[in-house]
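Trainee: So the sequence shown is numbered by the numbering used here: it starts at 5 and just counts up by one.
Structure incoming, see below.
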Amino acid sequence: MRRLIPLFMLLILLIQFGLGYGDVKSVEIEPENPVQGDVISIRISANPNEELRVEISFTKSLAVSDGRYELRLDDVVIPSTPNSFRVEAVGVVNLHISVRLLLGLWVTKSTRAEGGVATVSQGNVPKGTYDVVVRGEAEEGVSEVELKVKASTTIATDSNGLYEFTYNTGCIPPGSFTVRIDGYTKTLTLREKGSDVSPPPITNPTKPVTPSLIESSTLEEALRLLEDLDTEEVADLLAEVSPGRAGEILSALEVDRAVEVFDEMPLDASIRVIPETELDRAVELLERISLDRGSEVLGGVLSEGYVDRAVELLSSLGVERGAELLFGMDVDTASAALEALSDFDLTCASSLVEYGVEESLEGSVEVLEDLDDEILASILIEMVGG
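As structure tokens, this is what we get:
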């Protein structure tokens with residue numbers, strides 16, 4: 005999927021010539037018709053020491069690929085608080101917004117859609133520079149997802165009533181942004197630089213392979229960059245990129261290579277990535293790594309709230325492997341997984357229990373004792389009936 009560079013960076017910096025609570029006298033933008041790479045100068049005149057609220061919005065159409073949509077934003081600069089953001093996706097099943105914090109930690113905020121519309125809002129994001137990935141599943145039959153983004157903040161003019169700044173647009177993609185300043189509305193259009201100019205190849209062999217490079221490359225380019233790296237290096241890189249990108253790569257790698265890399269990744273990274281990996285490949289990974297590791301990963305997926313994914317994986321694994329992984333979890337996690345699986349596929353749940361009891365798998369008795377009586381009865385009845 006084609007990379008989209010940080011729309012939010014311009015969004016947040018433009019945000020500082022705002023939707024006024026007070027009297028905005030003038031807004032000057034030079035050049036008036038900027039081309040990608042120009043340095044934009046913005047000057048606002050209002051009352052001295054006046055607080056101004058800005059609102060910037062844009063709409064972006066994202067192509068759907070294999071039922072998924074994605075927008076990547078690198079080096080998003082958040083200059084100050086207070087601020088607020090609202091992201092709305094139309095034509096989707098869900099919406100996930102992952103933000104890379106200090107030390108490479110990714111934090112994800114998710115929501116499910118109602119009527120095909122999913123919305124995530126956040127206020128007072130701390131000052132800093134972030135990598136952001138907006139992604140999710142599109143509704144069946146949808147070829148393009150409409151993404152609506154709105155951001156706002158409050159700034160203050162100086163003692164002369166002025167507020168101004170400059171910004172280099174070299175890393176900003178072309179597009180239109182609506183700026184609202186009290187009764188003043190301005191649409192700023194950043195025109196594309198000469199389309200006949202080709203960007204330098206991203207696979208320059210002298211360039212070090214970094215998480216940022218893997219994140220920003222196309223999938224094909226990322227796979228080429230990883231070809232000559234050893235398993236541990238690839239595992240370390242995938243642990244640092246977004247879960248969505250790591251899942252794409254694990255799904256595309258040759259299966260033996262994918263298993264080796266997945267088994268080498270830190271446990272917390274494996275847990276984050278497996279929900280983003282294609283189902284068939286995720287099943288292959290869980291079938292071929294060690295039992296203890298598989299149980300830890302599957303239990304972690306459930307504990308992190310990906311209940312639907314954990315259940316889907318359990319029902320897709322063979323009975324023997326599924327039972328071994330299930331009863332290899334701690335009792336509380338295994339009980340929760342079995343209860344969720346019973347709601348999804350009672351026949352599968354009863355098959356796993358039957359295998360676990362017949363094979364006297366360690367932990368099976370404790371898990372059954374921990375089950376809700378009504379759910380246990382349903383499983384036993386299904387076993388007898390089956």
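Beta carbons are placed, not taken as given, at the ideal position from N, Cα and C, and that holds for glycine.
1) So what's V371 in DSSP terms, helix, strand or just coil?
2) Looking at the secondary structure, which residues open and close the beta strand (DSSP E) in which D135 lies?
3) For the segment 29–48 against the segment 99–116, are there 3 or more C-beta pairs whose distance is under 8 angstroms?
4) Run through DSSP, which three-state label would L194 get?
5) If you draw a straight line from the alpha carbon of S307 to that of L318, how long is it in whole angstroms?
6) Let's see if you can read the secondary structure: which residues bound the alpha helix (DSSP H) around G326?
7) The beta strand (DSSP E) with L365 in it runs from where to where?
8) I need the DSSP call for I46, collapsed to helix, strand or coil.
9) Rounded to the nearest angstrom, what separates V305 and M333 at their Cα positions?
10) Nearest CA to the CA of L356: which residue from D260, L321, E92, Y134?
11) When the Cβ atoms of the segment 152–165 are set against those of the segment 50–65, are three or more pairs found closer than 8 angstroms?
12) Assuming R47 and L166 are in contact, meaning their beta carbons sit under 8 angstroms apart, how far apart are those beta carbons, in whole angstroms?
13) Can you tell me where the alpha helix (DSSP H) holding L151 begins and where it ends?
14) Distance, Cα to Cα, M269 vs A226?
15) Nearest-angstrom Cα distance between V129 and D42?
16) Would you decide whether V315 is buried or exposed? Buried here means 16 or more other CB atoms lie within 10 Å of its CB.
17) Kindly give me the distance between the Cβ atoms of A243 and E280, rounded to whole angstroms, as I take these residues to be in contact under 8 angstroms.
18) State the CB to CB distance for the pair T351 and E386, rounded to an integer number of angstroms; the pair is presumed to be in contact (CB under 8 angstroms).
19) Under 7 angstroms Cβ to Cβ from S274, same chain only, skipping five residues before and after it: list those, please.
Mentor: Put simply:
1) Position 367 of the sequence shown, counting from 1, holds the residue named residue 371. In the three-state scheme derived from DSSP, where H, G and I count as helix and E and B as strand, V371 is classed as helix.
2) Here residue 135 corresponds to residue number 131 of the sequence shown, with the count starting at 1. Secondary structure note for D135: its beta strand (DSSP E) is the uninterrupted segment 132–141.
3) The segment 29–48 is not in contact with the segment 99–116.
4) As a position in the sequence shown, residue 194 is number 190, starting the count at 1. In the structure shown, L194 adopts extended strand secondary structure according to DSSP, grouped into three states.
5) The count along the sequence shown starts at 1 and reaches residue 307 at position 303. The count along the sequence shown starts at 1 and reaches residue 318 at position 314. Rounded to the nearest angstrom, the two C-alpha atoms are 14 angstroms apart.
6) By 1-based counting over the sequence shown, the position of residue 326 is 322. That run of the alpha helix (DSSP H) goes 323–331.
7) Within the sequence shown, numbered from 1, the residue matching residue 365 stands at position 361. Run containing L365: none; DSSP gives neither H nor E here.
8) By 1-based counting over the sequence shown, the position of residue 46 is 42. The answer is strand: DSSP assigns I46 an E or B state.
9) Residue mapping note: residue 305 aligns to position 301 of the sequence shown, counting from 1. Residue mapping note: residue 333 aligns to position 329 of the sequence shown, counting from 1. When rounded, the separation of the alpha-carbon atoms in V305 and M333 is 11 angstroms.
10) Position 352 of the sequence shown, counted from the first residue, corresponds to residue 356. Comparing alpha carbon positions, the residue from D260, L321, E92, Y134 closest to L356 is L321.
11) Taking 8 angstroms as the limit for Cβ pairs, the verdict is that the segment 50–65 does touch the segment 152–165.
12) As a first step, residue 47 is located in the sequence shown; it is residue number 43 there, counting from the start. As a first step, residue 166 is located in the sequence shown; it is residue number 162 there, counting from the start. That pair is a contact at about 7 angstroms.
13) Counting from 1 along the sequence shown, the entry for residue 151 is found at position 147. It is not in any alpha helix (DSSP H) - L151 instead sits in the beta strand (DSSP E) that spans 148–160.
14) As a first step, residue 269 is located in the sequence shown; it is residue number 265 there, counting from the start. As a first step, residue 226 is located in the sequence shown; it is residue number 222 there, counting from the start. About 18 angstroms.
15) Locating residue 129 in the sequence shown gives position 125, where the first residue counts as 1. Locating residue 42 in the sequence shown gives position 38, where the first residue counts as 1. If I take the Cα positions, the gap works out to 28 angstroms.
16) As a first step, residue 315 is located in the sequence shown; it is residue number 311 there, counting from the start. Around the CB of V315, 16 or more other CB atoms lie within 10 Å, so the residue is classed as buried.
17) Within the sequence shown, numbered from 1, the residue matching residue 243 stands at position 239. Within the sequence shown, numbered from 1, the residue matching residue 280 stands at position 276. About 13 angstroms; that fails the 8 angstroms criterion.
18) Along the sequence shown, one-based indexing puts residue 351 at 347. Along the sequence shown, one-based indexing puts residue 386 at 382. Contact between T351 and E386 holds: CB atoms are separated by about 6 angstroms, below the 8 angstroms threshold.
19) Taking the first residue of the sequence shown as 1, we reach residue 274 at position 270. Cβ neighbours of S274 beyond the five flanking positions: F266, V301.
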